Amino acid sequence: MTRKRLTLSHRLLIALGVVSFLFWSVMAALSTRDNIREVNTLYDVHLAHTAKAFLFLMDPDDNALQSNPSVMPAADIEQLLNTWPDLALRPFSDQPGTGTPGTQTAHAPATESPFGTKYGASLRYQLWRDDGSLLFRSDNAPTAPITRVLGYSDGRDAQGQGWRSYAVHDLNHRVKIIISEPHQFRGQINRSMILSAATPLALGLPVLFLLLWFSIWRGLYPLAALSQEISKRSPDNLTPMQAHNVPDEVRPIVIALNGLLQRVAQTLDNERRFTDDAAHQLRTPLAVIQTQLYTVRHTMASTPHQQALDQLQDSVARSIRMVNQLLALARLNPQQAPPVLMPIDLTSLSETVCAELAPLALQRNQTLELLAASHLPRVSGNPDLLSMLLLNLLDNAIHYTPPGGTIHVLLESTAQGVRLAVCDDGPGIAPDQRLKVQERFYRLAGQNQPGTGLGLAICKRIAELHGSTLTLTDGLHGRGLTVRVLLPTSPPPTTAR
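Last residue of the sequence shown: 501 (the working numbering), numbering continuous.
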């Protein structure tokens with residue numbers, strides 16, 4: 005099974021699609037990485053500000069606070085922990101009316117963000133004296149120190165949950181404040197940013213592929229137009245193509261193609277001149293030699309001389325036949341212009357050809373019959389080529405059918421067209437040789453009849469020019485050979501209104 009090759013437009017679409025996808029993916033990954041890094045930095049700054057704000061809320065001159073630290077106003081602590089409610093929902097906002105990260109928005113109070121409230125409630129904090137006594141802590145904070153490292157640190161609690169902590173030491177008051185937040189809030193923000201970066205990529209890729217396909221199709225349209233122009237040309241149209249309307253990238257191809265067309269035209273002209281010269285130079289001397297042999301043969305009565313002259317005359321006749329067949333094949337070359345087809349009365353044409361070869365059949369005491377059905381429709385064909393086809397088929401049948409044999413030319417109408425068949429009761433051709441005999445210069449072994457091996461090749465080519473094929477089957481009475489050709493009928497003429 006042959007694998008279908010990709011077209012140039014498909015290759016460009018795949019290449020550009022892969023490059024665009026990789027570029028978008030890398031840009032989204034880099035943007036998400038930078039955003040996550042900045043969000044983590046903002047959260048760390050928020051932790052540090054919150055810890056320092058705790059220290060600021062503790063009035064060092066307040067003796068009541070120093071003697072009883074639990075009197076720190078709860079409202080102040082709640083307001084402190086909820087100072088950044090919109091961070092998770094809108095980590096980066098540049099819309100008019102919004103503040104910078106780390107500040108409340110001007111139009112929304114802190115208590116309107118459920119995540120901000122949850123975030124504040126989930127924070128835990130501890131205040132330790134330097135002597136190791138715990139001044140106060142949040143309800144969700146343990147009694148043991150959350151961390152012993154000053155500054156930023158990460159750790160896990162007893163339940164395995166990750167926490168990000170910040171600890172700061174106040175040398176004046178000899179206390180240490182520890183603020184800790186869960187990793188899950190940052191994870192939610194990270195996932196939200198990854199989803200935000202991936203969504204446009206997933207939704208935009210189909211649109212991008214559609215735009216790429218349209219752009220590629222539009223860009224390669226001149227190539228498609230050039231291809232259509234070349235495919236619509238007939239084989240005999242070798243005029244140069246216009247190169248000024250094509251893109252600069254395609255112009256060298258058109259110029260090279262025009263050069264090729266010019267060289268092909270010169271080659272065909274040389275071949276035509278050679279064919280015409282060969283027809284003139286070969287036919288005339290051979291005809292003169294045949295005439296002279298005929299004269300010498302009737303003036304010399306010696307039997308040995310007569311036999312030699314007969315053999316010589318047969319050789320000249322074979323040469324004439326080969327020249328005629330070679331010239332016929334040259335005219336049927338695929339590079340030549342296709343024949344002009346017209347409606348033909350196949351019965352009348354067959355009668356003319358049979359009448360031309362009837363004397364040859366009578367010399368061999370053969371029966372040549374034309375059996376044509378009545379009211380046959382006209383076929384679409386070239387009269388000269390169809391005459392050559394029937395002439396070669398009948399000539400082969402007459403030469404290869406023994407004296408006293410029978411040859412039939414059958415014409416019958418079918419649903420696909422008119423079938424022409426030439427049948428004989430001669431030696432026939434073996435089924436495994438019926439395709440080979442249609443090749444040029446192929447002759448069956450053991451043949452004693454003169455021939456060149458070109459007759460059936462010419463018939464095959466003529467049938468192909470008429471959209472048909474040669475079919476070889478058994479001949480009359482189960483022996484001999486039958487050659488059939490199915491010719492399409494001519495469409496009925498249209499009547500003008």
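All C-beta atoms in this analysis are idealised placements derived from N, C-alpha and C, irrespective of residue type, glycine included.
Since we're looking at a predicted model, the values are computed, not measured.
What residue range is occupied by the uninterrupted beta strand (DSSP E) comprising GLN130?
In the DSSP assignment, GLN130 falls within the unbroken beta strand (DSSP E) covering 128–133.
In this structure, does DSSP put GLY106 in helix, strand or coil?
Unreliable placement is indicated for GLY106, whose pLDDT of 34 sits below 50; the coordinate value is still reported in the next sentence. Note: GLY106 maps to coil in three-state DSSP.
Whole angstroms are fine: how far does the CA of GLU468 sit from the CA of LEU393?
One alpha carbon belongs to LEU393, the other to GLU468, and they sit about 11 Å apart.
Three-way DSSP call (helix, strand, coil) for THR423 in this model:
Checking the sequence shown, residue 423 turns out to be Arg, not Thr. Three-state DSSP puts ARG423 in a strand.
Quick one: what does DSSP say ASP48 is sitting in, helix, strand or coil?
Looking at ASP48 - three-state DSSP - the assignment turns out to be helix.
What is the DSSP secondary structure of ILE2, counted as helix, strand or coil?
Because the chain in this structure spans residues 5 to 501, residue 2 falls outside the shown range and cannot be described.
Own chain partners of TRP221 with C-beta closer than 8 Å, once the 5 adjacent residues on each side are dropped:
Within the same chain, TRP221 has close Cβ partners SER13.
With contact counted as at least three CB pairs below 8 Å, one residue from each stretch, are the region 392–412 and the region 430–442 in contact?
As far as the Cβ criterion goes, the region 392–412 touches the region 430–442, which means the pair count is three or higher.
Which partner residues of ALA365 appear in the DSSP bridge assignment?
Partner(s): none; ALA365 has no beta bridge.
Would you identify the three-state DSSP class for HIS470, choosing helix, strand or coil?
In the structure shown, HIS470 sits in coil (DSSP, three-state: anything other than H, G, I, E or B).
Does the separation of the CB atoms of ILE348 and LEU415 fall below 8 Å?
No, the pair does not count as a contact, with Cβ atoms beyond the cut-off.
Taking only three categories from DSSP, how would you classify LEU16?
Three-state result, LEU16: helix.
Can you tell me which of the three DSSP states LEU490 falls into?
Residue state for LEU490 is assigned as strand, using DSSP reduced to three classes.
Residues bridged to ARG141 (per DSSP)
Its beta-bridge partners are GLN130.
For THR45, count neighbouring C-beta atoms within 10 Å of its own C-beta (all shown protein chains included) and say buried if the count is 16 or more, exposed if not.
When all chains shown are included, THR45 counts as exposed.
LEU439 classed as buried or exposed, judged by whether at least 16 other C-beta atoms fall within 10 angstroms
So LEU439 ends up on the exposed side.
C-beta contact flag for SER384 and SER472 at 8 Å:
No.
In its own chain, which residues sit with a C-beta less than 8 Å from the C-beta of ASP65, not counting the 5 before and 5 after it?
Confidence in ASP65 is poor, its pLDDT being 46 and thus under 50, which makes the residue's placement unreliable; the coordinate value appears in the next sentence. Result list for ASP65: empty, nothing under 8 Å.
Would you say the region 149–160 touches the region 34–43, given that touching needs at least three Cβ pairs under 8 Å?
Cβ pair count under 8 Å is below three, so no.
Simplified DSSP assignment, three categories, for HIS403:
Reduced to three states, the DSSP call for HIS403 is helix.
What did DSSP end up calling MET245 once you bin it into helix, strand or coil?
Coil at MET245, not helix or strand.
Let me confirm a value: SER412 is counted as buried when at least 16 other C-beta atoms fall within 10 Å, else exposed. Which label applies?
According to the sequence shown, residue 412 is His rather than Ser. With 16 or more Cβ atoms within 10 Å of its Cβ, HIS412 is classed as buried.
Tell me the DSSP bridge mates of SER391?
Answer is none; SER391 lacks a bridge partner.
Looking only at its chain, what residues have a beta carbon closer than 8 Å to the beta carbon of VAL254, apart from the 5 residues adjacent to it on each side?
Cβ neighbours of VAL254 beyond the five flanking positions: PRO226, LEU227 and LEU230.
Could you give the DSSP three-state label for SER97: helix, strand or coil?
Confidence at SER97 is low in this model, with a pLDDT of 32, below 50, so its placement is unreliable and no value can be given for it.
Rounded Cβ spacing between LEU395 and VAL357 (contact assumed at less than 8 Å)
The C-beta distance from LEU395 to VAL357 rounds to 5 Å, short enough to fall under 8 Å.
Considering only their Cβ atoms, is the gap separating ALA32 from ALA206 smaller than 8 Å?
In this structure, ALA206 keeps its C-beta atom at 8 Å or more from the C-beta atom of ALA32.
Going by C-alpha distance, which of LEU350, LEU345, ARG368 and LEU374 is nearest ALA359?
In terms of Cα proximity to ALA359, the closest of LEU350, LEU345, ARG368 and LEU374 is LEU374.
Helix, strand or coil, according to DSSP, for PRO495 in the structure here?
Three-state DSSP puts PRO495 in coil, outside helix and strand.
What residues in its chain sit with their C-beta under 6 Å from that of LEU16, if we drop five residues either side in the sequence?
When the five nearest sequence neighbours on each side are left out, the beta carbons in the same chain lying within less than 6 Å of the beta carbon of LEU16 are those of ILE220, in order along the chain.
Start-to-end residues for the alpha helix (DSSP H) that takes in ALA202
Unbroken alpha helix (DSSP H) run through ALA202: 187–223.
Distance, Cα to Cα, TRP28 vs THR203?
Straight-line Cα distance between these residues: approximately 12 Å.
First and last residue of the uninterrupted beta strand (DSSP E) at THR415:
Residue identity differs from the one stated: residue 415 is Leu in this sequence, not Thr. It spans 410–417 - the beta strand (DSSP E) in which LEU415 sits, taken as one unbroken run.
Answer yes or no: do ALA247 and ILE234 have a C-beta to C-beta separation smaller than 8 Å?
Going by C-beta atoms, ALA247 is not nearer than 8 Å to ILE234.
From LEU215 to VAL22, what does the alpha carbon distance come to, in whole angstroms?
Rounded to the nearest angstrom, the two C-alpha atoms are 14 Å apart.
Reduced DSSP category for GLY385 - H, G, I as helix; E, B as strand; rest coil:
Correct three-state label for GLY385: strand.
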